[in-house]
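Contents: one structure, followed by commentary.
4 protein chains.
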Amino acid sequence: MKPGNVGIIGGTGYTGMELLRILARHPLADARIITSRGEAGKSVTELFPSLTGHCDLLFSDPGSADLKSCDVVFSAAPNGVAMTHARSLCDAGVKFIDLSADFRIKDIVVWEKWYGMTHSCPELLEQAVYGLPEVNRQSIGGASLVANPGCYPTAVQLGYLPLVENGLVELDSLIADAKSGISGAGRNASLGTAFSEASDSFKAYAASGHRHLPEIVQGLQEIAGEPVELVFTPHLLPLIRGIHATLYARLNEKGLSFSVEEMQRIFVDRYNNEPFVHVLPSGAHPDTRSVRGSNNCRMSIHQPQGGKTITVLSVEDNLVKGAAGQAIQNMNLMMGFPEESGLESIALVP
Amino acid sequence: MKPGNVGIIGGTGYTGMELLRILARHPLADARIITSRGEAGKSVTELFPSLTGHCDLLFSDPGSADLKSCDVVFSAAPNGVAMTHARSLCDAGVKFIDLSADFRIKDIVVWEKWYGMTHSCPELLEQAVYGLPEVNRQSIGGASLVANPGCYPTAVQLGYLPLVENGLVELDSLIADAKSGISGAGRNASLGTAFSEASDSFKAYAASGHRHLPEIVQGLQEIAGEPVELVFTPHLLPLIRGIHATLYARLNEKGLSFSVEEMQRIFVDRYNNEPFVHVLPSGAHPDTRSVRGSNNCRMSIHQPQGGKTITVLSVEDNLVKGAAGQAIQNMNLMMGFPEESGLESIALVP
Amino acid sequence: MKPGNVGIIGGTGYTGMELLRILARHPLADARIITSRGEAGKSVTELFPSLTGHCDLLFSDPGSADLKSCDVVFSAAPNGVAMTHARSLCDAGVKFIDLSADFRIKDIVVWEKWYGMTHSCPELLEQAVYGLPEVNRQSIGGASLVANPGCYPTAVQLGYLPLVENGLVELDSLIADAKSGISGAGRNASLGTAFSEASDSFKAYAASGHRHLPEIVQGLQEIAGEPVELVFTPHLLPLIRGIHATLYARLNEKGLSFSVEEMQRIFVDRYNNEPFVHVLPSGAHPDTRSVRGSNNCRMSIHQPQGGKTITVLSVEDNLVKGAAGQAIQNMNLMMGFPEESGLESIALVP
Amino acid sequence: MKPGNVGIIGGTGYTGMELLRILARHPLADARIITSRGEAGKSVTELFPSLTGHCDLLFSDPGSADLKSCDVVFSAAPNGVAMTHARSLCDAGVKFIDLSADFRIKDIVVWEKWYGMTHSCPELLEQAVYGLPEVNRQSIGGASLVANPGCYPTAVQLGYLPLVENGLVELDSLIADAKSGISGAGRNASLGTAFSEASDSFKAYAASGHRHLPEIVQGLQEIAGEPVELVFTPHLLPLIRGIHATLYARLNEKGLSFSVEEMQRIFVDRYNNEPFVHVLPSGAHPDTRSVRGSNNCRMSIHQPQGGKTITVLSVEDNLVKGAAGQAIQNMNLMMGFPEESGLESIALVP
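If you read the sequences in order, they're chains W, Z, Y and G. One gets the numbering used here by counting positions in the first sequence from 1 and adding 2 to each. One gets the numbering used here by counting positions in the second sequence from 1 and adding 2 to each. One gets the numbering used here by counting positions in the third sequence from 1 and adding 2 to each. One gets the numbering used here by counting positions in the fourth sequence from 1 and adding 2 to each.
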């Protein structure tokens with residue numbers, strides 16, 4: 003028997019499915035419960051045939067599932083669900099990792115404005131740890147409630163991190179032009195993400211404002227210790243998995259004092275010990291497929307025409323490092339497992 | 003018999019094919035000659051079966067083809083070829099439209115640096131008119147040699163035009179994050195654009211410097227009357243046709259004095275009489291498929307969080323408004339045909 | 003004013019949209035009314051931005067729309083709707099072309115079994131003409147009610163036609179392995195056709211029985227004058243537009259008496275005067291993109307290893323020759339317009 | 003140190019890459035040598051960045067590589083290469099698994115006709131074991147030279163096996179309509195498999211005769227003990243990984259004596275103990291994505307209209323069960339490792 007007993011709330015979406023895929027190969031943790039209001043009683047492999055032979059769970063009703071018997075519970079349900087479970091699970095001593103947005107934003111006014119609902123569990127916001135291991139590894143290790151970052155915020159923050167931590171850029175000049183594969187929209191029937199509508203096409207969406215904006219700004223501001231102004235434009239890519247963030251920032255005086263080679267060194271040093279962040283040689287261009295199915299974030303930097311702007315290219319699989327993989331990484335830290343457990347799988351290329 | 007006799011140099015690529023597709027339905031012009039060194043003697047429909055019933059030309063050898071008998075000649079050959087034809091065709095009174103980059107850049111030093119070859123016909127650079135009708139309609143009408151703009155430069159310049167013409171943005175703050183469908187790489191066998199490599203993936207390329215950068219800068223500077231600094235990042239989209247330019251600029255004092263509604267009005271007014279540029283309602287998001295196969299450029303503007311940055315989203319079909327369609331538009335102007343002749347076809351959606 | 007006044011019932015799907023795209027360029031017919039229960043009052047271009055500048059209709063309520071004032075009415079609504087309109091339109095002398103399945107099957111018992119509803123207008127089944135011009139051109143010309151064929155049935159019947167008409171194959175040996183692009187499933191939000199589910203994947207569906215089977219069998223039996231046994235397996239292709247039917251039949255004694263060259267001649271002769279059916283050289287392989295957006299059906303024949311089985315490869319655009327294009331072709335015949343009017347557009351390649 | 007020392011000849015294609023991906027996670031075998039004429043000296047991760055952190059080999063020159071020091075050598079080179087290595091490796095006691103076609107066909111005349119070259123090592127054809135574990139598990143275990151099956155032949159033979167073994171179908175009635183993702187064409191620059199040519203399109207190829215035909219026929223004949231007639235039509239799917247074989251056969255008297263349920267039972271029983279073949283419930287439709295990246299073959303059966311024809315739907319990942327995965331499975335058998343070692347990875351869905 004594996005030491006970690008895992009429950010999943012709301013497991014019929016892509017992140018729930020991806021948690022199961024990763025846990026099936028995890029040496030130390032076992033999915034024991036997976037809930038779904040709509041599919042209770044059905045076997046997981048009926049919905050997800052690719053898991054045949056790797057998972058023999060049935061979906062159970064969230065009302066009757068004994069989640070408190072688990073060591074760790076993930077919530078892969080839509081926004082607004084995890085906050086109804088957090089209190090009781092935390093009280094029962096269950097470690098809780100929320101893949102939705104319920105505990106990501108510290109400022110409840112900001113959260114309620116962007117998410118359009120009343121928060122039912124604001125008292126836990128304070129103790130919730132933002133689950134970006136490259137920033138908060140220590141606190142995640144001791145946390146009982148982790149807010150797993152959004153997909154865009156992971157790729158964007160990791161790309162900006164070395165620049166902001168070292169005070170190299172003008173903090174009111176950030177522009178994140180981000181592109182996501184369609185799985186980011188979830189496992190839903192909707193006209194906008196239908197094959198005949200979204201295939202062989204490309205467009206921006208929410209260019210005037212997207213929910214991941216305040217999350218990114220909060221994260222960068224915490225590091226900078228001063229206000230950050232960010233323009234964030236998400237786009238819909240005609241591919242399944244993958245986020246590519248093209249990040250721009252104007253170098254400040256300190257930033258301009260470094261050569262490209264020194265800048266490259268700053269990035270390399272920052273992520274040298276990070277198991278899942280790879281800095282490519284300066285001038286390279288990471289492609290999203292190179293992380294497809296893996297928990298890696300790969301990035302490279304450019305300084306076009308040796309000018310005032312630095313460009314960071316950052317890619318990840320939105321379902322792995324951008325969701326389920328990072329959640330498992332957080333579980334590993336919280337449970338004291340080796341951080342890479344279950345996350346060694348190699349990107350599927352081609 | 004149609005009044006316009008057309009020749010095409012180097013017709014085996016996508017732009018040559020697209021010229022044929024448009025000319026086949028053009029009421030006033032007729033493709034009479036199409037040259038190809040490699041395919042001479044072969045019928046066009048053997049290479050391009052979709053033209054069956056619409057084109058009965060054979061490819062002819064560029065050496066023996068009587069291009070001087072044409073009223074208009076397009077060069078759809080790679081960079082470096084058109085400049086070897088321009089002199090003799092212009093001398094013969096043939097109108098010449100070059101779809102390559104040979105005559106786009108006025109500064110020969112800049113051109114030779116970016117294109118890595120010696121220009122064999124610099125004396126015609128002066129009289130070559132840059133074929134962006136929305137800027138140079140008048141001069142194109144009287145031109146004998148037109149440099150058809152690049153695909154990215156068309157989408158980018160059209161998007162920035164109203165801002166630069168009206169002096170609304172800081173000219174050293176321009177960032178063009180541009181994405182192109184793979185047909186922009188031409189009809190070639192190359193590993194990088196193979197289906198198994200480029201499909202279900204996304205990446206930037208030439209982030210440190212791309213040949214279309216000096217072309218865009220030249221165009222915007224001419225309008226601004228002062229230096230322009232641009233960061234230009236091209237990306238490869240896993241789709242066939244379509245360019246999406248996401249354009250950022252920091253509003254200057256004058257720019258900030260306008261409301262979004264007023265800004266929207268400036269764009270609408272600028273393009274009101276343009277047959278091929280459509281300004282969408284403020285806050286909309288054009289998708290590339292909405293122009294697939296058509297000569298339209300569609301755009302919209304956003305001012306995220308009412309901040310200092312304006313975002314313009316601009317889409318076109320890289321093979322039509324970004325190449326062959328714009329070339330036909332230029333031909334129409336040069337020949338005194340109605341500007342929309344042959345270009346009425348509707349985007350193929352879905 | 004164009005002589006043909008056109009109405010469209012249920013215009014918010016892909017076939018309605020495609021009718022509008024074709025009619026916008028039709029020299030002799032004009033869309034005047036388009037109905038939609040759900041979108042009444044909205045402008046067509048709000049739903050279909052690619053039609054901007056080409057269509058200024060509003061959707062009107064089917065209850066109040068004056069369809070009887072039209073010369074021709076198309077029904078692009080789901081199965082079961084056209085049969086409620088047919089009686090009154092036919093009585094009013096309006097020519098009626100139904101793109102759904104309501105009038106395709108002559109045997110009402112068979113129809114009700116496969117379509118799972120009661121037919122409300124069985125008395126018109128007799129006079130409804132099956133709108134496959136390559137078989138029924140004459141009767142279509144005089145018809146007031148035309149049942150436009152299904153997408154698969156068009157590609158399959160055209161491929162088998164020369165073999166069945168000439169009695170060259172064993173009629174109980176037909177196997178049609180057909181593949182359709184996803185637009186064939188309509189403009190709907192459904193999980194199965196979501197990009198993240200259907201992209202980068204392929205599968206059969208309804209392999210045990212599909213509604214288009216009885217339609218194909220009926221058509222081939224009518225020609226053969228004897229029973230036909232067909233195995234029909236549809237598959238879902240990860241592309242937007244296109245049907246590829248791979249058709250197998252065992253040659254009978256007569257069939258085996260012909261050489262491949264003679265067989266090729268039989269196909270060529272059969273379709274020699276057909277404007278929209280192209281027979282490729284024997285041994286060729288048509289691809290679906292070569293008909294994308296055009297009204298053509300392209301086919302080729304193979305006799306593998308000189309054996310007993312003949313293979314026919316037949317492609318069409320499911321939304322054009324497989325739906326809206328063929329409907330316009332039928333309208334042209336019914337109205338006495340040139341058969342190719344409005345249907346000259348060239349496939350969009352690449 | 004892992005007990006199995008592995009060498010790979012010709013490792014720059016997709017099957018070489020896939021061998022590396024699988025071996026990197028294999029608990030008992032280690033890739034030690036990988037040769038490439040063109041890339042000798044380069045690091046593997048320079049070509050295949052997705053392997054970063056999982057493989058630190060350099061490509062070595064085939065001339066100087068000490069392949070004889072390996073326990074097992076795979077040849078992932080093009081046809082014609084393995085036969086030049088087989089003799090010396092076998093003499094040195096190295097187990098040799100050829101992923102090309104060099105040792106698949108026993109009849110050298112047939113081989114030389116279809117592959118258009120002279121066989122340089124015909125004396126080893128006799129002892130080469132055809133590496134389809136579901137048929138030849140025993141002999142593979144004792145083999146020193148294994149001919150790894152082709153991608154199509156694996157999916158087709160596994161689908162027909164239960165029918166042919168049990169004598170249920172007319173052996174001159176087999177029709178295999180097979181569709182492959184584009185990675186089956188290899189990691190090459192070629193116009194036909196360029197994204198802009200192959201994407202959003204579909205076509206058959208080699209419909210008059212494909213090299214995998216004699217391989218399939220040989221395999222089925224060996225089982226049947228009598229001649230088999232097969233029509234085999236391959237098609238190119240616009241997706242990266244996946245083969246879908248739609249298999250038709252006319253049931254003979256014995257076959258017709260079984261109900262569908264009994265037929266289903268025959269399939270289930272046949273593959274009950276096979277770790278990598280899954281029989282779905284009768285009437286189901288496997289999709290290629292459900293095996294993407296996994297070593298599984300999934301299949302289902304249909305008897306349309308309860309008629310004389312049985313339809314088998316069989317899917318696999320052409321690079322895994324259709325190539326590298328099956329080769330590893332063969333290595334496991336030859337080396338006495340557990341058959342599933344290294345092959346437990348779950349399909350990447352979505």
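Heads up, the beta-carbon is just placed ideally off N, CA and C, and yes, glycines get one too.
Just to make sure I have the definition right: I need the residues of chain Y whose C-beta is within less than 8 Å of the C-beta of residue 272/Z. Which are they? Simply none; closest approach about 17 Å.
Inter-residue spacing [alpha-carbon to alpha-carbon] between residue 335/Z and residue 34/Z: 20 Å
Selection from 101/Z, 122/Z and 102/Z that minimises the alpha carbon distance to residue 111/Z: 122/Z
Would residue 131/Z pass as a contact of residue 158/Z if the rule is Cβ separation under 8 Å? no
Helix, strand or coil at residue 54/W according to DSSP, with G and I counted as helix: coil
Would you identify the three-state DSSP class for residue 178/Y, choosing helix, strand or coil? strand
Helix, strand or coil for residue 119/W, going by three-state DSSP, please let me know. coil
According to DSSP, simplified to helix, strand and coil, what is residue 86/Y? helix
Look up residue 250/W in the DSSP assignment and give the residues it is bridged to. 177/W and 313/W
If contact is defined by three or more beta carbon pairs under 8 Å, each pair taking one atom from either stretch, is the stretch 3-11 of chain G in contact with the stretch 128-147 of chain Y? no
Are three or more beta carbon pairs between the stretch 202-210 of chain Z and the stretch 140-154 of chain Z nearer than 8 Å? no
Run down chain Z in chain order and give the residues with a C-beta less than 9 Å from the C-beta of residue 191/G. 190, 191, 192, 193, 194, 195 and 196
Cα-Cα separation, residue 255/W to residue 173/W: 12 Å
So which of 236/W, 280/W and 41/W has the shortest CA-CA distance to residue 155/W? 236/W
Close beta carbons around residue 15/Y, own chain, < 7 Å, minus the five adjacent residues each side: 78, 188 and 189
Taking a Cβ distance cut-off of 8 Å, strictly less, list which residues of the stretch 253-273 of chain G are near chain W, in chain order. none
Just reading off the beta strand (DSSP E) that residue 37/G is part of, what are its end residues? 31-37
Under the three-state reduction of DSSP, which class applies to residue 7/Z: helix, strand or coil? strand
What's the gap between the Cα of residue 177/W and the Cα of residue 250/W? 5 Å
Establish whether the CB of residue 348/Y and some CB of chain Z are separated by less than 8 Å. yes
Is it buried or exposed, residue 302/Y, if we count other Cβ atoms within 10 angstroms and call 16 or more buried? buried
Roughly how many angstroms lie between the CA atoms of residue 40/Z and residue 23/Z, to the nearest whole one? 21 Å
If you check the beta carbons only, do residue 61/G and residue 19/G fall under 8 Å apart? no
What does the Cβ neighbour count give for residue 196/G, buried or exposed, with the cut at 16 atoms within 10 Å? buried
From the DSSP output, in three-state form, read off residue 319/Z for me. coil
Just to check my reading of the structure: residue 295/G and residue 347/G have Cβ atoms closer than 8 Å, yes? What is that Cβ distance to the nearest angstrom? 6 Å
Nearest to residue 291/Y by CA position, among 338/G, 289/G, 8/G and 238/G, is which residue? 238/G
Only counting the same chain, and skipping five residues up and downstream in sequence, which positions put a Cβ closer than 8 Å to that of residue 344/W? 24, 25, 27, 28, 29, 30, 31, 330 and 334
Helix or strand or just coil, what does DSSP make of residue 244/G? coil
Rounded C-alpha distance that separates residue 233/Z from residue 179/W: 13 Å
Cβ separation of residue 146/W and residue 108/W, assumed to be a contact under 8 Å, to the nearest whole Å: Contact doesn't hold; Cβ gap of about 17 Å is too wide.
Which residues bound the beta strand (DSSP E) around residue 304/W? 299-304
Closest to residue 125/W by CA distance: which of 11/W, 70/W, 263/W and 92/W is it? 92/W
Along the stretch 162-178 of chain W, where does the CB come closer than 9 Å to a CB of chain Z? Name the residues. 174, 175 and 177
Would you report the Cα separation of residue 186/Z and residue 151/W, rounded to the nearest angstrom? 36 Å
Are the C-beta of residue 187/Z and some C-beta of chain W separated by less than 8 Å? no
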